[in-house]
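Protein chains in written order, with our numbering: chain A, 9 to 349; chain B, 84 to 354; chain C, 2 to 304. Read through the structure below, which is laid out as structure tokens, and then see the notes.
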């Protein structure tokens with residue numbers, strides 16, 4: 009191992025002038041990286057970490073594809089990992105041979121986007137479900153009917169996050185279809201349902217924690233972590249998991265094929281598989297991680313949160329999001345445009 | 084018969100202007116208030132605290148982003164305004180020349196192409212240069228910002244120039260001789276309000292840019308807007324309110340200083 | 002200037018192009034070069050996961066106006082695109098108008114202040130824009146929210162009983178965009194009004210007697226270059242506006258900027274995005290050329 013580091017350092021020192029020892033460039037979603045954890049990593053390894061933000065998988069993909077960016081680590085969602093891999097943008101860094109890999113929750117090892125984890129390490133994972141203000145509506149919240157066939161008391165108080173794939177998937181499941189379906193019968197029903205339901209929606213926007221908490225919004229499609237934050241401001245807020253099916257997503261850290269600080273990046277991947285460090289991430293971003301044993305380090309408010317710990321009877325309805333083929337993507341975009349015309 | 088006409092006191096106009104200032108500053112007041120919020124939110128008041136100022140003070144990423152935004156805006160405004168003054172001198176107050184329409188279209192081109200398109204195109208274009216030269220500094224961002232700030236600087240300068248009197252300069256040409264001296268003594272002082280307006284516009288336009296910066300930036304080159312954009316999808320805390328308030332405070336201090344300077348200076352140039 | 006010798010004219014032409022060199026250099030590198038890439042992209046085939054394949058295709062341009070229904074396979078006009086185009090143009094025109102209604106009196110007000118105070122007033126216009134755009138937009142949203150400051154105030158004053166839904170309406174988008182683009186209107190108008198000789202206005206008042214006629218016959222003609230410049234600076238960026246419609250309009254309806262962004266993002270159809278933006282460019286270009294022709298005639302008279 010030591011020899012490898014020395015060799016790598018030697019090779020890098022002669023090859024790339026931009027290389028400076030003890031540096032690591034992370035390209036990640038904004039407000040997603042625990043500063044405490046980074047500080048700990050910097051102290052432990054003597055590595056200087058620079059974080060740069062992005063706001064969507066597509067931006068990250070386009071930038072990395074263009075080259076010349078200077079990043080070492082990127083954190084794409086599971087649905088984008090196969091694209092990154094097939095475009096040759098990720099390094100096969102073998103996290104599954106790293107020391108801390110033993111901490112990985114087995115559920116997250118053989119994932120479809122990276123079977124056996126040859127490229128990626130879990131960062132955070134979460135679900136897309138229904139946020140409901142139970143003082144306004146006290147019926148069943150574990151259903152997508154909340155937004156697609158809304159009860160009268162919720163009409164006009166609904167927000168839907170403008171995430172095309174999450175909204176499409178939730179609706180497709182509700183209409184009895186499968187993820188990434190291209191079945192015209194199902195999609196036609198999906199389109200009609202969305203167009204009909206949209207007249208009862210107030211907005212399609214992000215960042216609505218305050219609006220849920222203060223009652224401007226009473227229900228909507230939301231991420232579990234955001235719903236948790238809203239509940240901390242207003243205890244009437246609850247999070248429902250549609251029984252017909254709901255998307256489960258995971259963001260994953262990976263080393264880029266043209267990374268300049270490969271050894272540092274590997275140390276970082278290993279570092280975030282440590283339960284204590286993974287818990288630091290979760291405590292900051294308010295989502296679950298895929299590391300066993302991190303529970304004991306979680307904030308009490310996180311460890312027992314119904315938004316984070318999926319109830320057993322609803323676990324089966326969760327479907328890990330896949331990369332849809334271009335044909336499906338094309339139809340979904342057309343429906344999405346139609347919906348917002 | 085008619086009352087003496089007071090141009091300086093057009094009641095309707097002053098009321099509108101007053102309203103305009105109120106509307107401009109209302110959100111700013113709110114923004115400042117929430118920078119002192121004890122809670123995590125930019126919209127739920129939970130009591131007074133300095134918490135977000137402390138947090139911003141400790142957050143190197145956000146500080147670096149703020150400074151970077153200001154540095155880029157300064158250079159972009161300087162470059163754009165200089166180019167715009169020269170271009171305005173070349174395109175106004177003279178006979179229509181061949182290529183005038185082309186030049187006008189060129190200068191306004193950054194305005195007409197949606198930001199996201201310029202952003203993607205610049206990403207591809209600059210990435211090629213970055214790979215070839217290995218240079219990944221702030222130069223790309225400054226160049227990109229200068230380009231899209233150019234029309235904003237050009238328009239007010241051109242509008243100002245269009246109505247300026249040529250005879251004065253022609254007379255001065257006989258007096259001083261060189262074009263440079265005429266420009267410095269006659270044209271520049273007259274043009275000054277236009278230049279100031281153009282430079283200010285360029286500066287704030289650069290300061291607010293998100294999309295192009297997001298695509299052009301290299302590792303470690305976040306600006307305040309791209310930092311904010313990253314937050315938008317997760318959670319927005321009053322930390323940026325705190326930073327904005329500090330920037331506001333600095334600019335207010337600058338304005339007050341400016342006010343007293345202009346009062347004591349007694350206009351040496353005579354306008 | 003029409004009687005100058007040909008030699009001077011040639012020297013003048015050379016000087017003119019020399020003056021244009023810096024601006025053109027910046028623009029060629031950071032605006033025209035990229036535009037060329039966009040043009041090429043609009044004629045290529047979309048890649049499966051974003052980007053383009055180097056196979057020529059006119060599908061991007063075709064899809065701007067036509068769509069093939071994916072259920073019936075019928076060919077029809079792409080009414081989604083057309084209605085989004087129309088909405089954006091409409092809102093941008095209204096934004097420019099609103100910015101003018103607020104901006105002109107404000108610029109006039111500043112231009113009539115004592116000379117040494119005018120720069121100060123201008124700074125007061127620009128200071129709010131030192132704060133971050135997103136934070137400012139969020140603050141506007143907070144003001145006009147149902148439980149927000151304005152509604153609460155109106156209810157406590159007894160003006161209304163029920164909160165007025167302002168956020169997530171077209172009114173909110175208009176208000177927000179006019180706010181964001183206000184300095185782009187005020188500053189150019191101010192720059193052209195500032196040189197206005199107010200003794201002329203007073204003389205005009207003696208001549209025309211009513212305030213409206215003075216405005217129309219004396220002030221407006223003098224302010225015209227500034228008004229036109231300001232309108233362009235407000236109208237054109239409004240067409241591509243992205244953040245404000247999303248935060249204040251609730252994002253339920255796409256604007257042109259969002260539609261184009263969708264093609265480069267989740268929609269993964271870069272050629273269509275490129276073709277859509279070139280269509281936008283063409284519309285604006287035609288409008289601007291029209292303006293240059295119209296305004297150009299007057300300028301000639303100045304020289």
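Note that beta-carbon positions come from the ideal geometry of N, C-alpha and C, so glycine has one too.
For residue 252 of chain B, same chain residues with a beta-carbon under 7 angstroms away, outside a window of 5 residues either side, are 265, 269 and 270 in chain order. Residue environment analysis places residue 273 of chain C among the buried positions, since at least 16 neighbouring C-beta atoms fall within 10 angstroms of its C-beta.
Residues of chain A whose Cβ lies closer than 9 angstroms to the Cβ of residue 152 of chain C do not exist, since the nearest Cβ in that chain is about 10 angstroms away. By the rule that beta-carbons nearer than 9 angstroms mark a contact, residue 305 of chain B does not touch chain C. For the region 227-275 of chain A, the continuous alpha helix (DSSP H) assignments of 4+ residues that do not extend past its boundaries occur at 232-241, in sequence order. In this structure, the alpha-carbon of residue 124 of chain C lies about 27 angstroms from that of residue 150 of chain C.
According to the DSSP assignment, residue 211 of chain A belongs to no alpha helix (DSSP H) but to the beta strand (DSSP E) extending over 209-211. Going by DSSP, residue 175 of chain B is part of no beta strand (DSSP E) at all; its letter is neither H nor E.
Residue burial is scored here from C-beta neighbours: residue 72 of chain C has fewer than 16 other C-beta atoms within 10 angstroms and is therefore classed as exposed. Identification of chain C residues near residue 143 of chain B by a Cβ-Cβ cut-off of 7 angstroms yields none; the smallest Cβ-Cβ distance measures about 18 angstroms.
At least one beta carbon of chain A lies nearer than 9 angstroms to the beta carbon of residue 312 of chain B.
Distance from the CA atom of residue 310 of chain A to the CA atom of residue 316 of chain A, rounded to whole angstroms, is 7 angstroms.
Under the three-state reduction of DSSP output, residue 191 of chain B falls in the helix class. Among the CB atoms of chain C, none fall inside 9 angstroms of the CB of residue 272 of chain B. By alpha-carbon distance to residue 201 of chain C, the top candidate from C:223, C:189, C:126 and C:182 is C:223. DSSP places residue 200 of chain B inside the alpha helix (DSSP H), whose first and last residues are 198-216. At least one CB atom of chain A sits nearer than 9 angstroms to the CB of residue 122 of chain B. Listed along chain B, the residues sitting closer than 7 angstroms to residue 71 of chain A by beta-carbon distance are 206 and 298.
Looking at the backbone, the Cα of residue 140 of chain A and that of residue 247 of chain A are separated by about 6 angstroms.
Counting only residues of its own chain and dropping the five nearest sequence neighbours on each side, residue 244 of chain C has a CB closer than 8 angstroms to the CB of 134, 135 and 138. Within the same chain, Cβ atoms closer than 7 angstroms to the Cβ of residue 166 of chain C are found at 147, the five residues on either side in sequence being excluded. For residue 146 of chain C, the nearest CB of chain A lies under 9 angstroms from its own CB, placing it at the interface with that chain. Annotation: Cβ neighbours of residue 40 of chain A in chain B (cutoff 7 angstroms, chain order): 317. Residue C:236 holds the alpha-carbon nearest to the alpha-carbon of residue 97 of chain C among C:169, C:236 and C:126. Residue 284 of chain C and residue 90 of chain C have their C-alpha atoms roughly 10 angstroms apart. When A:157, A:137, A:210 and A:31 are compared, the shortest CA-CA separation from residue 175 of chain A is found for A:137. Look at the region 97-115 of chain B: it has no residue with a C-beta under 9 angstroms from a C-beta of chain A. Beta bridge pairing from DSSP links residue 33 of chain A with A:58. Chain B has no Cβ within less than 9 angstroms of the Cβ of residue 49 of chain A. In the DSSP assignment, residue 303 of chain A is bridged to no other residue. Taking a Cβ-Cβ cut-off of 8 angstroms, residue 267 of chain A has no neighbours in chain B, whose nearest Cβ is about 11 angstroms from it. Taking CB atoms only, residue 59 of chain A has a neighbour in chain B less than 9 angstroms away. Burial state of residue 10 of chain C is exposed, judged by a 10 Å Cβ sphere holding fewer than 16 other Cβ atoms.
The beta strand (DSSP E) runs of length 3 or more contained entirely in the region 124-188 of chain A are, from start to end of the chain, 128-141 and 166-168. The region 301-309 of chain B makes contact with the region 214-226 of chain B; the number of CB pairs closer than 8 angstroms reaches 3 or more. Per DSSP, residue 92 of chain A is one residue of the alpha helix (DSSP H) stretching across 89-94.
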